[in-house]
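Residue numbers (the UniProt record's numbering), protein chains in the order written: chain A, 1 to 239; chain B, 1 to 239.
Backbone N, C-alpha and C fix where the C-beta goes; we use that ideal spot for every residue, glycine too.
Note that this is a predicted model, so its numbers are computed, not measured.
Protein chains: 2
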Amino acid sequence: MDKMNVSKHISGKFNDELESVRNKVLSMGGLVEKQLRDALIAIETSDQELAEHVLRSDHKINAMEVQIDEACVQIIAKRQPAASDLRLVIAILKTIADLERIGDEGERIAKVALESFNNDQQEFLVSLENLGQQVLSMLHRVLDAFARMDLDAAYEVHQQDAQADRQYEALTRQLMTYMMEDPRGIPKVMNVLWSARSLERIGDRCQNIAEYIIFFVKGKDVRHVSPESMEQTVRGRTS
Amino acid sequence: MDKMNVSKHISGKFNDELESVRNKVLSMGGLVEKQLRDALIAIETSDQELAEHVLRSDHKINAMEVQIDEACVQIIAKRQPAASDLRLVIAILKTIADLERIGDEGERIAKVALESFNNDQQEFLVSLENLGQQVLSMLHRVLDAFARMDLDAAYEVHQQDAQADRQYEALTRQLMTYMMEDPRGIPKVMNVLWSARSLERIGDRCQNIAEYIIFFVKGKDVRHVSPESMEQTVRGRTS
Numbered sequence: 001m002d003k004m005n006v007s008k009h010i011s012g013k014f015n016d017e018l019e020s021v022r023n024k025v026l027s028m029g030g031l032v033e034k035q036l037r038d039a040l041i042a043i044e045t046s047d048q049e050l051a052e053h054v055l056r057s058d059h060k061i062n063a064m065e066v067q068i069d070e071a072c073v074q075i076i077a078k079r080q081p082a083a084s085d086l087r088l089v090i091a092i093l094k095t096i097a098d099l100e101r102i103g104d105e106g107e108r109i110a111k112v113a114l115e116s117f118n119n120d121q122q123e124f125l126v127s128l129e130n131l132g133q134q135v136l137s138m139l140h141r142v143l144d145a146f147a148r149m150d151l152d153a154a155y156e157v158h159q160q161d162a163q164a165d166r167q168y169e170a171l172t173r174q175l176m177t178y179m180m181e182d183p184r185g186i187p188k189v190m191n192v193l194w195s196a197r198s199l200e201r202i203g204d205r206c207q208n209i210a211e212y213i214i215f216f217v218k219g220k221d222v223r224h225v226s227p228e229s230m231e232q233t234v235r236g237r238t239s
Numbered sequence: 001m002d003k004m005n006v007s008k009h010i011s012g013k014f015n016d017e018l019e020s021v022r023n024k025v026l027s028m029g030g031l032v033e034k035q036l037r038d039a040l041i042a043i044e045t046s047d048q049e050l051a052e053h054v055l056r057s058d059h060k061i062n063a064m065e066v067q068i069d070e071a072c073v074q075i076i077a078k079r080q081p082a083a084s085d086l087r088l089v090i091a092i093l094k095t096i097a098d099l100e101r102i103g104d105e106g107e108r109i110a111k112v113a114l115e116s117f118n119n120d121q122q123e124f125l126v127s128l129e130n131l132g133q134q135v136l137s138m139l140h141r142v143l144d145a146f147a148r149m150d151l152d153a154a155y156e157v158h159q160q161d162a163q164a165d166r167q168y169e170a171l172t173r174q175l176m177t178y179m180m181e182d183p184r185g186i187p188k189v190m191n192v193l194w195s196a197r198s199l200e201r202i203g204d205r206c207q208n209i210a211e212y213i214i215f216f217v218k219g220k221d222v223r224h225v226s227p228e229s230m231e232q233t234v235r236g237r238t239s
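Have a look at this one:
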């Protein structure tokens, strides 16, 4: 039951169309993940060229979103999917909206690499990178869960966000202390703070995608429900 | 052509269902608008009780989103809408996702009213309120445009966002200067800065909703297109 066989859920003549859209989502996810990874490498290695490459590539993600969105609307109009097929199309529509915004956040993060930092400031850049790695791992795992429509993996990513939130809060405190100690550094530190916020938001969006996977597999909307109710949905038998 | 007659676009037996969902979106929009307005009043009048009321009411918005979302999926499954009917359902699905997140931002803004500020700090609270009023007007106007599926009004809101962005940038500079001058005030000022950011995001989300209206009326996805191409779509005849 753990790893749902997606093809089992796709029936009828539009199997190929649905598979093609699903593959496009995976390509889009791969690109978004690459953008975030490159943004973090650019910060770590002070690679301004790589940061600019990230900034120049966002339009590709936008174009993919529009293309997949259109394909989904076409499928609904032409194929009139029902039950789990319809849930898949809806889950895809929502997932690509989150992926597109993760791409936008990646752009904001890349901008930090365009700044230069002194030795003292390197310290909180390390904390930023740690948060970045945590969130990158969430993104990688949720895309993997999406590829296999793996309920358990999606639930694990959902749980992982609490840890990212704690890291984000610790970093925020660290940055505020730094600003109070050296007010001249504020504008530069603010950019780090915005990036940290962007990373925290990416974590939230990975959580959203995990919820769409659970919605597809279980047919139940688990947004805004209590942790207990969420666990019950995930652990319960498929209805 | 200015004010599209929505009922003209809704044909067949599921007219009532579609109208009912549209009305629910308007109720949800009304509640989201009230939350933002209350959050701003709470800041202006230092009304902590009102701020807490805003924080306690967010769950209603979440519940409405889930309910409308379900109704839309039901309509697609049962009624198999096509053409402009399908575009309406898709536009609704996307609009409620943005409305729900505007509600979340409203919560963050309300939290500022739980703080107390000294006389010096009142100054930037006024700037925050000005930005708040600007964004509240965008939200009001885009909901109004949604109610009438008014293409021109949607386009105007879309254009209005540039002004909100300028106000936001001026406020950010003001707040950073203040932090540099009085580092002890940083934690408190940071909260104002987060609220300002939330307001700026609400402006972006109003822009998104304007784009969904244009998508419904014109059948064309205008996200990520150039301003010229957007204007051409809006000014051109309905295809």
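Tell me, please, whether the segment 68-77 of chain A touches the segment 16-27 of chain A by the rule of three or more beta-carbon pairs shorter than 8 Å. yes
Identify whether A:Asp16 lies in helix, strand or coil by the three-state DSSP scheme. Annotated three-state conformation of A:Asp16 is helix, per DSSP.
Note down, in chain order, every chain A residue with its Cβ under 7 Å from the Cβ of B:Gln80. Gln80
CA-CA distance, B:Asn130 and A:Arg101? 27 Å
Residues of the segment 204-226 of chain A with a CB closer than 8 Å to any CB of chain B: list them in chain order, please. Within the segment 204-226 of chain A, the qualifying residues are Asp221, Arg223 and His224.
Residues in the segment 113-131 of chain A with C-beta within 9 Å of chain C's C-beta atoms, listed in sequence order? The question asks about chain C, but that chain is absent: this structure's protein chains are A and B.
Which first and last residues belong to the alpha helix (DSSP H) in which B:Asp98 is found? Ala83 to Val112
If we ignore side chains and look at the alpha-carbon of each, how far apart do B:Asp98 and B:Glu33 end up? 12 Å
Assign B:Asp221 to one of three DSSP states: helix, strand, or coil. coil
How would you list, in chain order, the residues of chain A whose beta-carbon sits under 9 Å from the beta-carbon of B:Leu86? Val73, Ile76 and Ala77
Can you find at least 3 beta carbon pairs, one from the segment 49-57 of chain A and one from the segment 74-90 of chain A, that sit closer than 8 Å? no
Can you tell me where the alpha helix (DSSP H) with A:Asp58 in it begins and where it stops? Residues Gln48 to Arg79.
Mind listing the chain B neighbours of A:Val142? Cutoff is C-beta to C-beta under 7 Å, in chain order. Contact annotation for A:Val142 against chain B: no contact, minimum CB-CB distance about 18 Å [criterion: below 7 Å].
Proximity to B:Leu36 [Cα-Cα], best of B:Ala210, B:Ile214, B:Leu171 and B:Leu128: B:Leu128
Cβ pair B:Glu200, B:Ala164 closer than 8 Å: yes
Quick one: using the 10 Å Cβ neighbour count with 16 as the cut-off for buried, is A:Phe146 buried or exposed? buried
Take A:Arg87 as the anchor and find which of A:Ala154, A:Gly219 and A:Gln133 has the nearest alpha-carbon. Out of A:Ala154, A:Gly219 and A:Gln133, A:Gly219 has the C-alpha closest to the C-alpha of A:Arg87.
Exposed or buried, which one is A:Ser84 when buried takes at least 16 other CB atoms within 10 Å? Per the 10 Å Cβ criterion, buried.
So which residues on chain A does B:Asn15 lean against when the C-beta distance must stay under 8 Å? Ordered by position in chain A, no residue passes the 8 Å Cβ test against B:Asn15, which lies about 19 Å from the chain.
Give the single residue among A:Asp58, A:Ile61, A:Val225 and A:Ile214 whose Cα lies nearest to the Cα of A:Val149. The amino acid occupying residue 149 of chain A in the given sequence is Met; Val does not appear at that position. Cα-wise, what sits closest to A:Met149 is A:Ile214.
Secondary structure at B:Ile10, three-state DSSP: helix, strand or coil? Caution applies to B:Ile10, whose pLDDT of 47 falls short of 50 and renders its modelled position unreliable; the value that the coordinates give is listed next. Of the three classes helix, strand and coil, the one that applies to B:Ile10 here is coil, per DSSP.
Excluding the 5 residues preceding and the 5 following B:Asp58 in the sequence, name in chain order all residues of the same chain whose CB lies nearer than 8 Å to its CB. Once the five neighbours on either side are set aside, the close Cβ partners of B:Asp58 are Gln35, Gly103, Asp104, Gly106 and Glu107.
With C-beta atoms as the reference, is A:Ser195 less than 8 Å away from A:Val112? Yes, the Cβ-Cβ distance between A:Ser195 and A:Val112 is below 8 Å.
Buried or exposed: where does B:Asn15 fall if 16 or more other Cβ atoms within 10 Å of its Cβ makes it buried? exposed
Which residue marks the beginning of the alpha helix (DSSP H) containing A:Arg184, and which one marks its end? Boundaries cannot be given for A:Arg184, as no alpha helix (DSSP H) includes it and DSSP labels it neither H nor E.
Please go through the same chain and pick out, in chain order, the residues whose beta-carbon is closer than 7 Å to the beta-carbon of A:Val189, but skip the five residues on each side of it. Leu175, Tyr178 and Met179
Taking B:Ile90 as the query, report the chain A residues whose CB atoms sit under 7 Å from its CB, ordered along the chain. Val73
Restricting to Cα atoms, I'd like to know which of A:Glu123, A:His224 and A:Ala82 is closest to A:His158. A:His224
Taking the straight line between their C-alpha atoms, what separation do you get for B:Asn62 and B:Thr95? 13 Å
Among B:Arg166, B:Gln121 and B:Gln133, which has the Cα closest to the Cα of B:Ala39? B:Gln133
A:Ile186: contacting residues in chain B (beta-carbon distance under 7 Å): Simply Met176, Met179 and Met180.
How long is the line joining the alpha carbons of A:Ile92 and B:Met28, rounded to whole angstroms? If I take the Cα positions, the gap works out to 24 Å.
Beta carbon proximity, B:Met4 to chain A, threshold 8 Å: Confidence is the limiting factor: at B:Met4 the pLDDT is only 48, short of 50, which leaves the residue's position unreliable and the question unanswerable from this model.
Using only the alpha-carbon positions, how far apart do B:Lys3 and B:Cys206 sit? Residue placement at B:Lys3 cannot be trusted, given a pLDDT of 45 that sits under 50; what the coordinates show is reported in the next sentence. One C-alpha to the other measures close to 19 Å.
Check whether chain B comes within 8 Å of A:Asn191, counting only Cβ atoms and requiring the distance to be less than that. no
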